[in-house]
Amino acid sequence: MTTDLRTEPAPGLPTARAPRPRATVRARLGSAFAMFRNRKSITGLAILGFFVLVAILADVLAPYSPTKVDNTARLQPPSAEHWLGTTHLGEDVLSQVVHGTRGVIVVGFLAAIMATIIAVVVGVVAGYLRGWRSESLSALTNVFLVIPGLPLIIIVASMFDDPPLVVIAAVLGLTGWAWGARVLRAQTMSLRNRDFVQAARANGEPLRRIIGHEMLPNLMALIAASFVGTVTAAILGLTTLSYIGVIPVNTYNWGTILNWASAQGAFRQNQWWWFLPPGLCIAAIGVALSLINFGIDEYVNPRLRSAGERARAMRKRGLDVNDAVTAVRTTPSAREDA
1 MTTDLRTEPA PGLPTARAPR PRATVRARLG SAFAMFRNRK SITGLAILGF
51 FVLVAILADV LAPYSPTKVD NTARLQPPSA EHWLGTTHLG EDVLSQVVHG
101 TRGVIVVGFL AAIMATIIAV VVGVVAGYLR GWRSESLSAL TNVFLVIPGL
151 PLIIIVASMF DDPPLVVIAA VLGLTGWAWG ARVLRAQTMS LRNRDFVQAA
201 RANGEPLRRI IGHEMLPNLM ALIAASFVGT VTAAILGLTT LSYIGVIPVN
251 TYNWGTILNW ASAQGAFRQN QWWWFLPPGL CIAAIGVALS LINFGIDEYV
301 NPRLRSAGER ARAMRKRGLD VNDAVTAVRT TPSAREDA
């Protein structure tokens with residue numbers, strides 16, 4: 001005869017844990033984009049969002065057409081009629097800066113989207129696979145790392161009388177994905193041996209599901225950092241090429257405005273209202289992208305993340321971080337004096 005003995009758990013002892021509910025899509029997206037919740041990222045996104053809105057609403061925000069000539073107001077400083085002054089032809093500088101924002105944003109984001117897609121596909125696949133396929137993709141990445149982007153853009157631009165922004169963005173994207181692919185490949189190689197990836201492989205999950213559901217959420221911070229870095233490089237590349245005259249001056253962006261100002265001697269004659277606004281716009285969008293990158297770095301780096309969380313907690317309590325450090329450092333000497 002067999003007897004079933006059922007005992008109740010003793011009071012105070014832990015019971016078996018119930019299975020945790022599966023995370024929803026909204027929760028996964030929230031955890032994946034948690035890198036943008038710190039103060040630096042929010043500030044950078046706000047500045048970048050302002051320029052995106054200006055680019056979208058350029059036709060509404062610009063007070064004049066960028067090519068409208070006012071013969072009665074040539075090289076005039078800022079006034080009530082022309083807030084940022086006029087050029088040597090009487091064109092409104094504010095209208096040119098507003099319309100130039102569209103070209104900068106379009107090229108920056110198109111190049112970054114293209115470069116990020118290629119970097120994710122090549123880097124993640126090369127990091128997950130093994131053998132000759134991984135080595136072939138790694139060799140392809142190394143080839144694109146040494147391709148000089150600026151001479152290639154000059155050659156491509158010389159083939160067109162008026163190169164469209166899509167072509168410029170495509171060249172910038174094709175020459176700017178390799179460094180992001182290298183970083184993603186190295187991180188993927190460390191993730192493919194983790195327990196959750198091994199469990200998914202043992203369960204017979206297909207490759208696209210392992211990469212899409214198991215790896216990519218853990219790579220979102222690096223992907224975002226790669227995207228931001230490519231936007232920065234594309235914007236600087238566009239404005240530099242426009243300033244040196246590789247891109248025709250009839251294509252409006254901040255670099256062409258600086259090219260016109262330099263050609264007409266605005267720097268020598270101290271016509272600051274002509275060259276200072278586009279220069280400040282380039283600096284402002286660079287600061288915004290740098291803040292976003294710093295925020296991502298603070299989220300990825302455990303030391304920076306813990307230090308930032310500790311500082312924010314102390315600020316909420318009304319404490320000063322520097323005062324706390326000083327108090328800790330002076331405690332041993334105070335004890336010796338006592």
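Residue 152 in my numbering sits at position 152 of the sequence shown, with consecutive numbering throughout. Ideal Cβ placement from N, Cα and C applies to all residues, glycine included. These figures come from a predicted structure and were not determined experimentally.
Under 8 Å, with one C-beta from each stretch per pair, do the segment 87 to 106 and the segment 51 to 68 reach the 3-pair mark? yes
Fill in: Glu-91 to Thr-67 span [Cα, whole Å]
6 Å
Between the segment 212 to 232 and the segment 149 to 160, do three or more beta carbon pairs fall short of 8 Å?
no
Between Leu-45 and Phe-36, which are expected to be in contact by the criterion C-beta below 8 Å, what is the C-beta distance as a whole number of angstroms?
6 Å
TODO: Report buried or exposed for Asn-71, applying the criterion of at least 16 other Cβ atoms within 10 angstroms of its Cβ.
DONE: exposed
The alpha helix (DSSP H) enclosing Pro-77, as first and last residue numbers | It is not in any alpha helix (DSSP H) - Pro-77 carries neither H nor E in the DSSP assignment.
Review point. In terms of residue numbering, what span does the alpha helix (DSSP H) encompassing Arg-192 cover?
Key: Segment: none, Arg-192 is in no alpha helix (DSSP H) and carries neither H nor E.
- Alpha carbon to alpha carbon, how far is Arg-133 from His-213? 22 Å
inquiry  = Between which residues of its own chain and Cys-281 is the CB-CB distance below 6 Å, once the five residues before and five after are set aside?
reply    = Trp-254
Once the 5 residues before and after Leu-319 are set aside, which same chain residues still bring their CB inside 6 Å of it?
none
Fill in: Contact the segment 118 to 128 vs the segment 77 to 91: 3+ CB pairs below 8 Å
no
Looking only at its own chain, which residues have a Cβ that is under 8 Å from the Cβ of Ile-118, when we skip the five neighbours before and after it? Gly-173, Leu-174, Trp-177 and Ala-181
| said: What does the alpha-carbon distance come out to for the pair Asp-297 and Val-69? | reply: 47 Å
Q) Does DSSP put Asp-162 in a helix, a strand or coil? A) coil
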